[in-house]
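Position one of the sequence shown corresponds to residue 1 (the UniProt record's numbering), numbered consecutively onward.
Ideal placement from N, C-alpha and C gives every residue a C-beta, glycine not left out.
Keep in mind the model is a prediction, meaning the values are calculated, not measured.
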Amino acid sequence: MANGPSVVCRCAPSGCELHAAARTRPPRAGTRRAKGRADRGRTRRTARVGRVHTAAVRRKTRSRTGPAPARVDLPRTREPGVSAFSEVRRSEVATRAGHRCEYCHLPTRGQVATFPIDHILPRRDGGTTDLSNLALTCPHCNAHKWTAATGSDPETGETAALFNPRIDDWELHFAWADDGSGALRGRTATARATISALGINDTDMLALRILLAELGLFPESAGG
Numbered sequence: 001m002a003n004g005p006s007v008v009c010r011c012a013p014s015g016c017e018l019h020a021a022a023r024t025r026p027p028r029a030g031t032r033r034a035k036g037r038a039d040r041g042r043t044r045r046t047a048r049v050g051r052v053h054t055a056a057v058r059r060k061t062r063s064r065t066g067p068a069p070a071r072v073d074l075p076r077t078r079e080p081g082v083s084a085f086s087e088v089r090r091s092e093v094a095t096r097a098g099h100r101c102e103y104c105h106l107p108t109r110g111q112v113a114t115f116p117i118d119h120i121l122p123r124r125d126g127g128t129t130d131l132s133n134l135a136l137t138c139p140h141c142n143a144h145k146w147t148a149a150t151g152s153d154p155e156t157g158e159t160a161a162l163f164n165p166r167i168d169d170w171e172l173h174f175a176w177a178d179d180g181s182g183a184l185r186g187r188t189a190t191a192r193a194t195i196s197a198l199g200i201n202d203t204d205m206l207a208l209r210i211l212l213a214e215l216g217l218f219p220e221s222a223g224g
């Protein structure tokens with residue numbers, strides 16, 4: 001049987017039967033080394049860009065919030081984290097609130113996130129964990145209220161106490177707009193300051209309330 005044309009392989013001085021049979025050329029010497037150097041260079045550049053981006057973000061954040069807080073090393077524990085409130089207490093607060101946010105009346109039904117319990121009077125100002133100082137809040141209102149107890153009335157610019165679910169009547173302070181926008185209107189300075197401070201009429205909240213209204217879940221009566 002006649003042999004095919006001879007192919008010289010650079011893999012080794014004696015030639016490579018695999019490349020000879022396939023009639024292909026092996027990779028040039030140094031190609032893999034060059035590719036490895038290119039990959040390492042690309043990795044270093046990417047890491048460098050990442051460090052620069054991270055540093056820029058930190059600088060921008062610090063410029064808004066002030067100097068970075070001092071590092072505090074907390075003791076590690078193997079115990080699982082627990083809520084500040086027992087299940088019994090959470091149930092008491094939620095039942096009393098009608099299972100809805102006591103500020104914007106967003107119902108817990110249909111929501112994935114857990115509704116936090118708010119200290120109406122912040123603990124740093126002497127607020128207690130008694131039921132008389134607790135209110136059920138949606139994550140949005142809770143994040144905006146944080147430790148605030150007062151806010152600015154957009155109409156007058158004057159400072160007003162925020163709505164207190166334990167002593168204030170919601171119906172006397174608030175009313176839903178009748179234009180289908182899902183907006184909450186303030187009848188009083190306290191209500192207007194609360195709506196502004198808690199971002200109750202933010203665009204995303206309006207869209208959520210409109211959707212819930214279409215599903216028949218909003219507004220929801222207390223105890224529903």
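Could you check the C-alpha separation between residue i and residue j for me, to the nearest Å?
| i | j | result |
| --- | --- | --- |
| E92 | A177 | 31 Å |
| L215 | G199 | 23 Å |
| R90 | A113 | 15 Å |
| R59 | T147 | Only weak support is given to the placement of R59: the predicted model assigns it a pLDDT of 47, under 50, and the value that follows is read from those uncertain coordinates. One C-alpha to the other measures close to 26 Å. |
| L217 | R187 | 24 Å |
| I210 | F115 | 20 Å |
| L106 | E158 | 27 Å |
| L212 | D204 | 12 Å |
| V88 | A94 | 10 Å |
| R124 | K145 | 14 Å |
| L172 | S86 | 32 Å |
| S111 | G127 | According to the sequence as given, residue 111 is Gln; it is not Ser. About 28 Å. |
| H119 | F174 | 21 Å |
| S196 | L206 | 14 Å |
| N201 | L208 | 11 Å |
| P122 | A84 | 14 Å |
| P219 | A135 | 19 Å |
Which one of the options has the shortest CA to CA distance from residue i?
| i | options | result |
| --- | --- | --- |
| I117 | P165, E214, A175 | P165 |
| A161 | F115, T129, T150, H99 | T150 |
| T194 | F115, F163, E87, T129 | F163 |
| D168 | A94, A207, A189, D204 | A189 |
| R185 | T159, L208, D153, D204 | D153 |
| A191 | M205, R96, T156 | T156 |
| T137 | T108, T159, P122, R123 | T108 |
| A97 | F174, W170, D202, N201 | W170 |
Helix, strand or coil: which one does DSSP assign to residue i?
| i | result |
| --- | --- |
| T188 | coil |
| S152 | strand |
| D118 | strand |
| T147 | coil |
| I210 | helix |
| A160 | strand |
| A193 | helix |
| G50 | The pLDDT assigned to G50 is 43, lower than 50, so where the model puts this residue is not dependable; a value taken from the coordinates is nonetheless given after this. G50 falls in the helix class under three-state DSSP. |
| P69 | Its pLDDT being 49, under 50, P69 is placed unreliably in this model, and the coordinates cannot settle the point. |
Evaluate the contact criterion for the segment 134-142 versus the segment 100-115: three or more CB pairs, one atom per stretch, below 8 Å. Yes, they touch.
Do the segment 124-131 and the segment 168-186 touch if we need at least three Cβ pairs shorter than 8 Å? Short answer: they don't touch.
4-residue-minimum alpha helix (DSSP H) runs that sit fully inside the UniProt domain "HNH nuclease" (88-143), ordered along the chain: Counting whole runs of 4 or more residues, the UniProt domain "HNH nuclease" (88-143) contains no alpha helix (DSSP H) stretch at all.
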